[in-house]
Amino acid sequence: MEKKDIKDFIKDTPLSVPMGLAALGTAVSLWCSNKRIHALCGMVWLGVSAVHTWQHCGKVKKDAAKVVEKMGIMDVLNLPKSKLDLFIRSVEVSAYIPGRVRLYSKSLMGNKGKCDEVLTYLRGIAELSEVQVNEVTGSILIMYNPQVLRANKELCRVEEYIKTHARR
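What follows is the structure in structure tokens.
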């Protein structure tokens, strides 16, 4: 028998029955006083399980690749996709109602330069109708038309994040 034939034979052999018998033998051998039978059954179970895992390794890889391809790796890992997404994750979402969001950031309190930078950045997003930043409280108020904002896929994703992380 050639190496390829052996691989195909192992790959195509159903192992549920031998795995079940080895598992049962391991469990039953606990009541026997013979530790060798228990160890032997355990080793057989381990070996058959390893072969079974190898048999399904390719399928698991293909299934995982399909999920990653369908969802996108950034979605699977839930990583920020943009500067705005990263910014939103760095602040506290205090309140959300469609069209109005209040955020807080301690790093903005008393930091005029940072407040101006945030204000300039957020006002550069055309879909946001009004943005206010309060240097004293570290508060950011964002107002927008939900229909206009949701036409932008990236902003729609950010709104979903805000929705699920709002305190109220």
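Take the position in the sequence shown, starting the count at 1, then add 6; the result is the number in my numbering.
The beta-carbon is built from N, C-alpha and C at its ideal position, and this holds for glycine as well.
Nothing here was measured: the structure is a model prediction, and the numbers come from that model.
- The alpha helix (DSSP H) with R163 in it runs from where to where? Against the sequence shown, residue 163 aligns to sequence position 157. 159 to 171 is the span of the alpha helix (DSSP H), which, as asked, contains R163.
- Task: Quick one: residues in its chain with C-beta nearer than 8 Å to the C-beta of R95, no 5 flanking neighbours on either side, listed in chain order?
- Result: As a working note, residue 95 is residue 89 in the sequence shown. Excluding positions up to five away in sequence, the list reads P86, Y167.
- When the Cα of M25 is compared with those of I12, S35, M49, K41, which residue comes out closest? Within the sequence shown, residue 25 is the residue found at index 19, counting from 1. The residue with the shortest Cα to Cα distance from M25 is M49.
- Find the nearest neighbour of K89 within the set S113, G130, T59, judged by alpha-carbon distance. As a position in the sequence shown, residue 89 is number 83, starting the count at 1. Closest option to K89, Cα to Cα, is G130.
- Query: Under 9 Å between the Cβ atoms of E133 and V99?
  - Reply: In the sequence shown, counting from the first residue as 1, residue 133 sits at position 127. In the sequence shown, counting from the first residue as 1, residue 99 sits at position 93. The answer is no: Cβ separation not under 9 Å.
- Note down the Cα distance separating I103 from I146, rounded to an integer number of angstroms. By 1-based counting over the sequence shown, the position of residue 103 is 97. By 1-based counting over the sequence shown, the position of residue 146 is 140. Distance between the alpha carbons of I103 and I146 is about 14 Å.
- Task: Would you mind working out which of E165, V107, K159 sits nearest V137, comparing C-alpha positions?
- Result: Here residue 137 refers to the residue found at position 131 of the sequence shown. Its Cα nearest to that of V137, the residue V107 stands out among E165, V107, K159.
- Task: Have a look at W60 and N140 and give me their C-alpha separation to the nearest angstrom.
- Result: Taking the first residue of the sequence shown as 1, we reach residue 60 at position 54. Taking the first residue of the sequence shown as 1, we reach residue 140 at position 134. Pairing W60 with N140, the inter-Cα distance amounts to about 59 Å.
- Start and end residues, beta strand (DSSP E) containing L36: For the purposes of this step, residue 36 is taken as residue 30 along the sequence shown, with counting starting at 1. From DSSP, L36 is part of no beta strand (DSSP E); its letter is neither H nor E.
- Query: How should S185 be labelled, buried or exposed, when 16 other C-beta atoms within 10 angstroms of its C-beta is the threshold for buried?
  - Reply: Absent from the model: residue 185. The displayed extent of the chain is 7 to 174, so no value can be given.
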